[in-house]
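Residues in the sequence shown are numbered from 7 upward in steps of one, following my numbering. Just so it is clear, CB atoms sit at the ideal spot from N, CA and C, and this is done for glycine as well.
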Amino acid sequence: MQRPTPAPPRISVVVLTHDRAGQLVGTLARLTSLPEQPPLFVADNASHDDTVKLVDMLFPQVRVVQCGADLGAAGRNRAVACVRTDYVAFCDDDSWWEPGSLAQAVKLLDGAPQVAVLSARMVAGENGATDAACMRMAASPLATPGAPGPTLTGYLAGACVFRTAVFRAVGGYERRLFTGGEEALLALDVLSAGYAIVYCRDLTVHRAASAVGDRCGDDRGDDGGDGRRDNRARGVKRARRVRDPSANRDPDTALRRRLLARNAAWIAWLRLPWRDVCRTTFGALAMFAREHTVWRDGRTMIAGIGWALANRHRVNAQVLAMRAEAQAAERRLARRGRAERDAQHAKHTVAEPRSHDH
C-alpha cells in the first residue's frame, strides 16, 4: 500500500538577518524542528560574517536569499518573492515561532478571508512575559466581524503572518524608509485595500532573553508600529554613516528617534491628510533642531518630499476613522496608566515614615 502523498505546505517563514550568524543558527535550529515543517527563507541583508556559509552548511533545507545590499526591512520583499505558499510568517534572527502557532495561523486565515495580517503575541525572556505593545493591541477598541481578535491599525513586523498575495499586491516594505516605522505605510495600504489586521493572542513568537530590553513596536497608526528590534538596533547603526552630533548620551537611540520622525513625515506625505503632513513635518524639523541635525536630516527629509508627492495616495475616510479611534484609545490607556502610577507613588510616599530632626 502506498503512503498518502503529504499535503503541500500552506505557510512559509521568512527570517530577516544581518551579521548575526550566531543568533541566526539558534533560531533556525528551533524553526527547523517545528511540527509544521514550513519552508524556511533567510533574507540576508548583505552580511559580512559567515551567515551564508553557516546556513548552507548546517541547514541545507533552508533557502538563503542574498539581497546584495543592506535593504533594511525591504529585505523581506526579496524573500517573499520566492515564497510559494498561501501564507508567510515573519520573525527575526533572535526570535522564533512557538510550535503549533503556524498551523493555527493557517486555520484562522482560512476561516477569515477578510483578514490579511495576524499580529502575534510576543513573549520575551525566561519568564515569557507578554510584551507591553501586545497588551495595548489586545485592548484595541476596533473590531471586524468574524475576526479572531481585536482589529488593529498596525502590527509587529517581526511577529506576524501575512496572506502572501496581499503582501505582494500592496508592494511589501518601502526601501526608502529602511527602518523605523516602516510597518505604518504597509499597514495603511493593507487597510486601504479593504483587508483587516488582527491581533491574535493564540499565536506566539518567542524573543531571546538578550533582546528583552529592546522596545517592541506598537499599534500606533501615525508613527507606525516601530517594531521590536527586528534588526532595528543594527539597522540604526548601519544607517549612521557619519558621527552623530547628538551622540553625547546614546547615538543609536538619538538616530533612531530621528529616523522615526523622518519616516512619519514621509508616510504622512504619502498617505495622510494635510493636517498630518504639517504636524509630522514640523515635528520632525523641531526634533532635528533639538538634536542639532537640521542641515543633514532636514535636508534628507525635504529631498524625499518630491518622491512622496509623486506616490501620494491618501487613504480613505474609513481607514482614517479607524486610525483616529485607535489613537484615542491609546491616549486613554496612557492616561490611565499614568494615573495608576501616580496613585501608587502617592501611596508609597504616604506610607514612608517621616524622619524628624531634634
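Buried versus exposed, by CB contacts within 10 Å (16 or more), residue i
i	result
Phe288	exposed
Asp250	With a pLDDT of only 45 at Asp250, under 50, the local geometry of the prediction cannot be trusted, and the value read off the model is given with reservation. Result: buried.
Asp282	buried
Arg305	exposed
Gln110	buried
Ser39	exposed
Leu30	buried
Glu346	exposed
Residue i versus the options, residue with shortest Cα-Cα distance
i	options	result
Ala199	Ala139, Ala122, Ala138	Ala122
Ala13	Met63, Thr91, Glu346	Thr91
Thr157	Arg174, Ala316, Tyr201, Leu34	Tyr201
Trp272	Cys206, Glu180, Ala215	Glu180
Gly106	Phe96, Thr57, Leu209	Leu209
Gly164	Lys59, Ala149, Val20	Val20
Pro154	Ala175, Leu114, Arg16	Leu114
Gly186	Ala85, Ala79, His24	Ala79
Thr23	Ala35, Gly81, Thr38	Gly81
Cys166	Val300, Met128, Asn133, Leu291	Met128
Thr62	Val48, Gly74, His54, Ala75	The displayed chain sequence assigns Asp, not Thr, to residue 62. Measuring from the Cα of Asp62, the nearest candidate turns out to be Val48.
Leu261	Ala290, Pro279, Thr286	Ala290
Residues of its chain near residue i, where Cβ-Cβ distance is below 6 Å and the 5 sequence neighbours each way are ignored
i	result
Val321	Leu194, Ser198, Arg277
Thr178	For clarity, residue 178 is Gly in the given sequence; the question names Thr instead. Once the five neighbours on either side are set aside, the close Cβ partners of Gly178 are Asn83.
Residue i CB to nearest heavy atom of the ligand NAD below 7 Å
i	result
Thr159	As presented, the structure is devoid of all ligands, the ligand NAD included, so that no description of it is given.
Residue range of the beta strand (DSSP E) that includes residue i
i	result
Ser101	101-103
Lys50	First, the residue type needs correcting, since residue 50 is Asp and not Lys in the sequence shown. Per DSSP, Asp50 belongs to the beta strand (DSSP E) from 46-50.
Thr210	202-213
Thr11	Run containing Thr11: none; DSSP gives neither H nor E here.
Phe288	Taken as a continuous stretch (DSSP letters only), Phe288 belongs to no beta strand (DSSP E), being part of the alpha helix (DSSP H) at 280-296.
Val167	166-169
Beta-carbon proximity list for residue i, same chain, < 8 Å, skipping 5 on both sides
i	result
Gln8	none
For residue i, the first and last residue of its enclosing alpha helix (DSSP H)
i	result
Ser198	188-198
Gln309	First, the residue type needs correcting, since residue 309 is Ala and not Gln in the sequence shown. Run containing Ala309: 305-309, per the alpha helix (DSSP H) assignment.
Arg84	81-86
Close-in-space but distant-in-sequence residues of the same chain around residue i (CB under 7 Å, 5 per side omitted)
i	result
His354	none
Arg16	Thr91, Asp92, Tyr93, Val112
Ser146	Pro156, Thr157, Leu158, Tyr205, Asp225, Ala332, Ala335
Asp303	Arg264, Arg268, Phe294
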